[in-house]
Amino acid sequence: MPLYQSQDIKIYNSISGEKETFKPINEGHIGMYVCGPTVYSNVHLGNVRTFMSFDMIFRYLKHLGYKVRYVRNITDAGHLENDADTGEDKITKKARLEQIEPMEVVQRYTVDFHNILNTFNFLPPSIEPTATGHIIEQIELIKDIIDNGFAYEINGSVYFDVHKFNETNEYGKLSKRKLEDLIHNTRELDGQSDKKNPQDFALWKKAEPQHIMRWPSPWGDGFPGWHLECTAMSTKYLGDRFDIHGGGMDLKFPHHECEIAQNEAAKGESPVNYWMHANMLELNGQRMSKTTGNIVNPQELLSGDNTFFSKAFAPSVIRFFIAQAHYRSVLDLTNDGLLASEKGFNRLMEAINLLDGLKTSDASSINVNNWKQKCYDAMNDDFNSPVLIAHLFEAVKYINQIKDESATITTQDLEVLKTTIHNFVFDVLGLQSQSSTTNNSNKSEDKLSNIVELLINMRQEARANKDFKLSDQIRDELAEIGIQLKDGKDGTTFTVN
Ligand code: AMP
Ligand code: ZN
């Protein structure tokens, strides 16, 4: 029996504003779409946080035995500089500035995106479609929307008629906005735009002669609107109605609102059963954002080569830091927060390393099955990873007690404990048992690590020469300054107090 049959998941659905019991459209199968990056610059850690939240959700759903089709797109055309359909295409602009082809920009930053995600141990999505690979599907959608009377063509561009749509449907239901308020809050058109109303959005934009990324269409040469690509790609691979659609909070409006409108206008139904929005990563109390430049690139954090943080951090420590906050909470990236996460991560890994050597008894002093279900309950409650981690630390305490013989465990319970910890730590949270000192940076922590390694080697040599006085002296004097050596089957490791 697949695990999901015994676990009831609740998901906070942004459209209802409530936690709802999750029921997939087809039993045992889940279709999930997450808006991917616009590949015109290196991803920052804020982007990584959002994709990581959905990676963890994907991992958990798979762990429960669901067959998940996870579609995450690459936006390689059509994303203009601002949401009001004005400004240059972000990719074309970068290409112009760097004097390269737009597709070179796309290639460079897609490779960067994949490298970063690999470093952080992401699972690849099932399908990673590109906007430029789905121009025909987008044109077909526009034709349907025009035929249904919800879009108009003007001077080679096609716009979605928000006012017309709102007569029969509800524009703004996801972001809880009312069209009247939007009208009240938007500036009058400056005469530069062909739109009937400022709230209308582009489905197709006419390409000016200098615009390189262009495709032929019934309305002349042009390029598709950003919102349309996600509607085309999600429904092509997941059907007109599918289970989960995710993205960062900032995409709720207008991007996801427009996706709903396009789908309803073209197919007559709302595309998504559960809308999920991940909250923002902040730096210095401000949202991390490419536009403001308030960003940390993952590489800077991994190498320690930056002015914000005191040292380099391993990918799993950063993953752990992110998992310690619920995906719907704002998270502030701080040096102290990362240092605390590093400590916690190391403590968790040390406990996991002890698991194989634990002695078993005739009885267990805790109820392991009860603890295991608490781990599932945490994840079933809208993927509450911080609560899951709190339960994992309960297990750490227990493991240390068993080692000190102040608690006991049976062989059978030890198996349950080990499997559950492995499932949650490695499969669901996606952590890897790496030392936080494996980065190649010049910072003092890394120097310290090299020096201790040197002393460990000298101690080994002394032992090989049967000079136990010297080998003990190295161990004891290091202990005096707070560095504990531990001899294990894979050699000597150390911890710093
Ligand atoms: P973009 O490439 O700008 O379209 O962003 C890719 C994804 O990263 C989207 O889902 C955004 O919502 C998300 N994102 C952007 N900034 C942040 C941030 N500071 N924290 C978390 N997610 C973010
Ligand atoms: Zn999207």
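Each residue of the sequence shown is one higher than the last, beginning at 321 in this note's numbering.
A virtual CB, placed ideally from N, CA and C, is assigned to each residue, including glycine.
None of the values given here were measured: they were computed from a predicted structure.
Cβ-heavy atom distance, residue i to the ligand SAH, below 7 Å
i      : result
Gly613 : No copy of the ligand SAH appears in this structure; the ligands present are the ligand AMP and the ligand ZN.
Residue i: CB within 7 Å of a non-hydrogen atom of the ligand AMP
i      : result
Lys610 : yes
Asn486 : no
Leu601 : yes
Leu658 : no
Gly545 : no
Gly366 : yes
Asn768 : Note that residue 768 is Leu in the sequence shown here, rather than Asn. Flag unset: Cβ of Leu768 not near the ligand AMP.
Leu502 : no
Leu749 : no
Arg392 : no
Asp409 : no
Ala715 : no
Distance, residue j Cα to residue i Cα
i      : j      : result
Asp328 : Pro322 : 13 Å
Asp733 : Gly613 : 51 Å
Asp464 : Asn402 : 26 Å
Val816 : Ser769 : 10 Å
Gly469 : Lys516 : 14 Å
Arg392 : Gly811 : 42 Å
Gly567 : Ile455 : 22 Å
Pro635 : Leu678 : 29 Å
Met569 : Arg667 : 33 Å
Gln458 : Asn475 : 19 Å
Thr813 : Glu773 : 9 Å
Ser755 : Phe633 : Model confidence at Ser755 stands at a pLDDT of 49, short of 50, so the residue's coordinates are unreliable; what they give is reported in the following sentence. Cα to Cα, Ser755 sits roughly 10 Å from Phe633.
Tyr696 : Ile462 : 44 Å
Phe374 : Ser446 : 13 Å
Gly356 : Thr395 : 7 Å
Ile436 : Pro618 : 7 Å
beta-carbon residue i near the ligand ZN non-hydrogen atom, thresh 7 Å
i      : result
Gly567 : yes
Cys355 : yes
His575 : yes
Cys578 : no
Cys550 : yes
Integer Cβ distance of residue i from residue j, believed to fall under 8 Å
i      : j      : result
Asn593 : Asp563 : 5 Å
Asp405 : Phe521 : 6 Å
Leu749 : Met376 : 6 Å
Ile335 : Trp546 : Between Trp546 and Ile335 the Cβ distance is about 21 Å, and since that is not below 8 Å, they are no contact.
Val650 : Asn704 : The pair is not a contact, with the Cβ atoms about 16 Å apart (cut-off 8 Å).
Asp747 : His383 : 6 Å
Gly407 : Pro544 : 16 Å between Cβ atoms; not a contact.
Tyr353 : His565 : 5 Å
For residue i, the first and last residue of its enclosing alpha helix (DSSP H)
i      : result
Asp792 : 788 to 800
Ile709 : 705 to 723
Phe371 : 365 to 383
Where the beta strand (DSSP E) containing residue i begins and where it ends
i      : result
Glu340 : 338 to 341
Gly811 : 811 to 816
Pro544 : 542 to 544
Ile350 : 349 to 354
Leu523 : 521 to 526
Leu621 : Careful: Leu621 lies outside any beta strand (DSSP E), inside the alpha helix (DSSP H) at 618 to 623.
Leu805 : 803 to 808
Ile331 : 330 to 333
Ala698 : Note, Ala698: premise wrong, no beta strand (DSSP E); alpha helix (DSSP H) at 688 to 700.
Helix, strand or coil at residue i according to DSSP, with G and I counted as helix
i      : result
Ser761 : Note on Ser761: pLDDT 45, under 50, position unreliable in the model; the coordinate value appears next. In this structure, Ser761 counts as coil in the three-state DSSP scheme.
Ile345 : coil
Ser756 : Caution applies to Ser756, whose pLDDT of 40 falls short of 50 and renders its modelled position unreliable; the value that the coordinates give is listed next. DSSP places Ser756 in coil when its eight states are reduced to three.
Ser681 : coil
Thr654 : coil
Arg607 : strand
Tyr324 : helix
Met596 : strand
Leu290 : Within the shown structure, residues of the chain are numbered from 321 to 817, placing residue 290 beyond reach of any answer.
Glu421 : coil
Asn614 : strand
Tyr429 : helix
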